[in-house]
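Position one of the sequence shown corresponds to residue 0 (numbering that gives the first Met the number 0), numbered consecutively onward.
C-beta: ideal position from N, C-alpha, C; glycine also.
Note that the structure is predicted; figures quoted are calculated from it, not measured.
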Amino acid sequence: MSPFLGEVIGTMILTLFGCGVVANVLLEKSKGQNGGWIVITMGWGFAVTFAIYVAGKYSGAHINPAVTIGLAAGGYFSWGLVPLYIAGQMLGAFIGAVLCFLTYKCHWEPTADAGLKLAVFSTGPAIRCTSENFLCEFIGTFFLVFIILGIGANEFTQGLNPLIVGFFIVSIGLSLGGPTGYAINPARDLGPRIAHAILPIPGKGDSDWGYSWIPVVAPICGGVAGALTYKALIG
Numbered sequence: 000m001s002p003f004l005g006e007v008i009g010t011m012i013l014t015l016f017g018c019g020v021v022a023n024v025l026l027e028k029s030k031g032q033n034g035g036w037i038v039i040t041m042g043w044g045f046a047v048t049f050a051i052y053v054a055g056k057y058s059g060a061h062i063n064p065a066v067t068i069g070l071a072a073g074g075y076f077s078w079g080l081v082p083l084y085i086a087g088q089m090l091g092a093f094i095g096a097v098l099c100f101l102t103y104k105c106h107w108e109p110t111a112d113a114g115l116k117l118a119v120f121s122t123g124p125a126i127r128c129t130s131e132n133f134l135c136e137f138i139g140t141f142f143l144v145f146i147i148l149g150i151g152a153n154e155f156t157q158g159l160n161p162l163i164v165g166f167f168i169v170s171i172g173l174s175l176g177g178p179t180g181y182a183i184n185p186a187r188d189l190g191p192r193i194a195h196a197i198l199p200i201p202g203k204g205d206s207d208w209g210y211s212w213i214p215v216v217a218p219i220c221g222g223v224a225g226a227l228t229y230k231a232l233i234g
């Protein structure tokens, strides 16, 4: 499997199961309806874990443009591969969102709230405040990249790293996810948001493009800062 295909498949798995757990909790008549925030954070954490298990051998399983750009900025990854990786991540995120839409196809029409439908695909702020929303995504992604580099510096039992990273993603969601829904990944947010705009979802409303730049720009800035800080402090 090529690195490009690894990033496509890894990000597709991440998005299908991540968006899927949100759909399960939010959409009407789903068996998981009202499962709550802990269910969502656990679902995203395991989505990351198994995406890494599948793609890690072939691409390193960045599955996140903020991680790819951050690692390149810190000198841990080649800049020449960045466009290829981001293209794979965006394609995978879009495909995963489409598969989620198809999985829950009978649940879109019974769900009257257009905001809940959008929340399945992309993040949004609990309180809309540009500077604070940006800062929240920046901080979350700063520590995402900083701590992932720290995890990589440790020796674990063979094959345990993806599980450790998955639990770390759960920790981010539980601790820092409340203000914005913790996108911390431009592909995870933008790819499904594009799918939301294109797909024939009954009563879906708009895709909130006015907010969409924050979960793209802030994670990239945070990822770069996290990698550079790690390199400066630890090497």
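Report task. For CYS18, count neighbouring C-beta atoms within 10 Å of its own C-beta (all shown protein chains included) and say buried if the count is 16 or more, exposed if not. Result -> Mapped onto the sequence shown, residue 18 falls at position 19. By the 10 Å Cβ count, CYS18 comes out buried.
Report task. Kindly indicate which residue of GLY42, LEU26, ILE8, ALA22 has the alpha-carbon position closest to the one of GLY172. Result -> For the purposes of this step, residue 172 is taken as the residue at position 173 of the sequence shown. Residue GLY42 is the option with its Cα nearest to GLY172.
**Report entry** Contacting residues, own chain, Cβ-Cβ under 7 Å from ILE8 (five flanking each side not counted)
**Finding:** If you number the sequence shown from 1, residue 8 lands on position 9. Closer than 7 Å at the Cβ level, and outside the excluded window around ILE8, lie VAL53, ALA54, GLY91.
Query raised in the report: With a CB to CB cut of under 8 Å and the five nearest residues on each side skipped, what residues in its chain are close to ILE200?
Result: Within the sequence shown, numbered from 1, the residue matching residue 200 stands at position 201. Once the five neighbours on either side are set aside, the close Cβ partners of ILE200 are PHE100, TRP107, LYS116.
Query raised in the report: Between the stretch 27-43 and the stretch 158-170, are three or more C-beta pairs nearer than 8 Å?
Result: yes
Report task. Please state whether DSSP places ASP188 in a helix, a strand or coil. Result -> Numbered from its first residue, the sequence shown carries residue 188 at position 189. Helix.
Query raised in the report: With 16 other CB atoms within 10 Å as the buried threshold, where does THR129 fall?
Result: Residue 129 sits at position 130 when you count from the first residue of the sequence shown. Looking at its Cβ environment, which holds fewer than 16 other Cβ atoms inside 10 Å, THR129 is exposed.
Query raised in the report: Under a three-way DSSP split, which group does SER121 fall into?
Result: On the sequence shown, residue 121 is found 122 positions in, with the first residue counted as 1. DSSP places SER121 in coil when its eight states are reduced to three.
Query - Cβ contact check for the stretch 24-32 and the stretch 152-159: 3 or more pairs under 8 Å - result: no
Query raised in the report: For the putative contact between LEU189 and SER211, defined by C-beta atoms under 8 Å, what is the C-beta separation to the nearest angstrom?
Result: Here residue 189 corresponds to residue number 190 of the sequence shown, with the count starting at 1. Here residue 211 corresponds to residue number 212 of the sequence shown, with the count starting at 1. Yes, LEU189 and SER211 are in contact; Cβ-Cβ is about 7 Å, under 8 Å.
Requested in this report: Examine chain B for any beta-carbon lying closer than 8 Å to the beta-carbon of PRO82, and answer yes or no.
Outcome: Here there is only one protein chain, and chain B is not present.
Query raised in the report: Relative to the C-alpha of ALA65, which residue among LEU198, THR228, PRO218 is closest?
Result: As a working note, residue 65 is residue 66 in the sequence shown. Considering only alpha carbons, the answer is PRO218.
Requested in this report: Throw me the rounded Cβ distance for the ALA50 and ILE85 pair, which I believe falls under 8 Å.
Outcome: The residue you call residue 50 lines up with position 51 of the sequence shown. The residue you call residue 85 lines up with position 86 of the sequence shown. Not really, about 16 Å apart at Cβ, beyond 8 Å.
Query raised in the report: The alpha helix (DSSP H) spanning GLU6 covers which residue range?
Result: Within the sequence shown, residue 6 is the residue found at index 7, counting from 1. GLU6 -> alpha helix (DSSP H) spans 2-25.
**Report entry** Close beta carbons around PHE141, own chain, < 7 Å, minus the five adjacent residues each side
**Finding:** Here the question's residue 141 lines up with position 142 in the sequence shown. Counting only Cβ-Cβ distances below 7 Å, and skipping sequence neighbours, we find GLY221, ALA224, GLY225.
Query raised in the report: Just the Cα atoms here: how many angstroms apart are ARG127 and PHE145?
Result: By 1-based counting over the sequence shown, the position of residue 127 is 128. By 1-based counting over the sequence shown, the position of residue 145 is 146. For ARG127 and PHE145, the distance between alpha carbons rounds to 27 Å.
**Report entry** Cα-Cα separation between SER206 and ARG192, rounded to whole angstroms
**Finding:** Taking the first residue of the sequence shown as position 1, residue 206 is located at position 207. Taking the first residue of the sequence shown as position 1, residue 192 is located at position 193. One C-alpha to the other measures close to 6 Å.
Query raised in the report: Cα separation between MET89 and GLY234?
Result: As a working mapping, residue 89 is identified with position 90 in the sequence shown. As a working mapping, residue 234 is identified with position 235 in the sequence shown. Straight-line Cα distance between these residues: approximately 30 Å.
**Report entry** N-terminal and C-terminal residue of the alpha helix (DSSP H) that ILE183 is part of
**Finding:** Within the sequence shown, residue 183 is the residue found at index 184, counting from 1. It is not in any alpha helix (DSSP H) - ILE183 carries neither H nor E in the DSSP assignment.
**Report entry** Close Cβ partners of ASN98 (< 6 Å) along its chain, the five nearest in sequence each way excluded
**Finding:** One-based indexing of the sequence shown puts residue 98 at position 99. Per the sequence presented here, residue 98 reads as Leu, with Asn not at that position. The answer, listed in chain order, is LEU15.
Query - Whole-number beta carbon distance between ILE68 and VAL81, since they are thought to touch under 8 Å - result: For the purposes of this step, residue 81 is taken as the residue at position 82 of the sequence shown. For the purposes of this step, residue 68 is taken as the residue at position 69 of the sequence shown. Indeed they touch by this definition, with Cβ atoms about 6 Å apart.
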